[in-house]
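S.K.: Residue numbers (this note's numbering): 14 to 387. Backbone N, C-alpha and C fix where the C-beta goes; we use that ideal spot for every residue, glycine too. Model, not experiment: these values are computed from the prediction.
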Ligand SMILES: *Cc1c(COP(=O)(O)O)cnc(C)c1O
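(1) Going by other Cβ atoms of all chains shown within 10 Å of its Cβ, with 16 needed for buried, is residue 138 buried or exposed?
(2) Leaving aside the five residues before and after residue 74 along the sequence, list all residues of the same chain whose C-beta is less than 7 Å from its C-beta, in chain order.
(3) Considering only heavy atoms of ligand 1, does any lie closer than 7 Å to the CB of residue 172?
(4) Compute the beta-carbon to beta-carbon distance between residue 69 and residue 217, rounded to the nearest angstrom, for a pair I have assumed lies under 8 Å.
(5) Does the beta-carbon of residue 25 have 16 or more other beta-carbons within 10 angstroms, so that it is buried, or is it exposed?
(6) In whole angstroms, what separates the C-alpha of residue 72 from that of residue 312?
(7) Determine the contact status of residue 219 and residue 50, defining contact as a CB-CB distance below 8 Å.
(8) Thinking C-alpha only, which one of 280, 64, 370, 315 is nearest residue 215?
(9) Ligand 1 and residue 195: does the residue's C-beta get closer than 7 Å to at least one heavy atom of that ligand?
(10) Would you report the Cα separation of residue 32 and residue 294, rounded to the nearest angstrom?
(11) Which partner residues of residue 370 appear in the DSSP bridge assignment?
(12) Are the stretch 250-266 and the stretch 287-303 touching, with three or more C-beta to C-beta distances below 8 Å?
(13) Tell me whether the beta-carbon of residue 167 lies closer than 8 Å to the beta-carbon of residue 61.
(14) Sort 332, 331, 305, 47 by Cα distance to residue 323 and report the nearest one.
(15) Would you mind stating whether residue 259 and residue 175 have Cβ atoms separated by less than 8 Å?
(16) Contact between the stretch 154-170 and the stretch 27-43 is defined here as three or more beta-carbon pairs at a separation below 8 Å; is this criterion met?
Shown next as structure tokens:
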């Protein structure tokens, strides 16, 4: 059996350090907004190349609080991708704004900047690009559109911590960048967690108020806000893991290169990573018209794989109950033809070889005759 991902293996190697870090917090009995949260904030800001970072309790809240802090709400439109995890659009809805779904590039699966520009109206207030599967969206193009039309930009970098575009860290391109520490993310905690990075001091102050009851001084409140803080225990665990993030991301890239080479002659196409983009391969995705048959074949061979995401946002019941269904042909086609293959930093070469052989055999046994090359 080869799993799609295996977060237990990571824990085995870090067990002692994590136990020590947790014990340290328990002994100190400082559980909320203490030294570990503060230190993690500086460490993540440094990774991204921003002046500040504010820890919050999930990636979803990182998105929501960013939009709130930027003053986005009822009557505003926010442009985003239909091909992402559901939370991206939930964060927009929670502010009272209207999400506007714009089609994706069929090779990178990220927002298509040309279509973004065509979808701007007088009500558009922000662009919310997603760096899907760890690959940065076209940030040069999107930022220049945002500047030209005076729009805010919030990056959903929940799957892309440590990724870069044109040499600059994701999260540092937008007004804010949002990260998730959900356990299966590249930097995953032992529960929920998130982070907002920004280089705007006023925005940073506003987000700090919003995450903790609008409190500027103990028991003094200048906003009706939220409780969205990261726990000290969580931050302490994340700091242990964060030391390994660069080497884990490097390992992911090495594994991805190896898959890319092995699949060159097969009728399947890996997610296209543009030359300016440095992906952190949160997932390794291939596209083939035989995705469903390949999924069954690999599952029967004991190889974990997954479909991300089987149903684009505009076909989710929550969406269709409330909104008309926009015509987004690329998102539909990609959702029907992509498959994630096993990739995680602790994966062994021999495990990867087994996956490569199983994929190759699938196409050798005749499936390649049916396959469309995208
Ligand atoms: C994980 C994820 C989120 C939400 O993060 P949570 O920490 O689970 O709230 C948002 N957007 C994307 C693209 C994600 O992958």
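M.R.: Let's see:
(1) Buried is the call here.
(2) So the list reads 207, 241, once near-sequence residues are dropped.
(3) Under cutoff, so the answer is yes.
(4) Actually they do not touch by this definition, with Cβ atoms about 12 Å apart.
(5) Residue 25 comes out exposed.
(6) So the two alpha carbons sit approximately 30 Å from each other.
(7) Taking the C-beta atoms as reference points, residue 50 is found no nearer than 8 Å to residue 219.
(8) Cα-wise, what sits closest to residue 215 is 64.
(9) Under cutoff, so the answer is yes.
(10) One alpha carbon belongs to residue 32, the other to residue 294, and they sit about 28 Å apart.
(11) Per DSSP, none; premise fails for residue 370.
(12) Between the stretch 250-266 and the stretch 287-303 there are three or more C-beta pairs closer than 8 Å, enough to call the two in contact.
(13) In this structure, residue 167 keeps its C-beta atom at 8 Å or more from the C-beta atom of residue 61.
(14) Of the candidates 332, 331, 305, 47, the one whose C-alpha sits nearest the C-alpha of residue 323 is 305.
(15) Pairing residue 259 with residue 175 gives a Cβ-Cβ distance under 8 Å.
(16) Contact fails: fewer than three Cβ-Cβ distances are below 8 Å.
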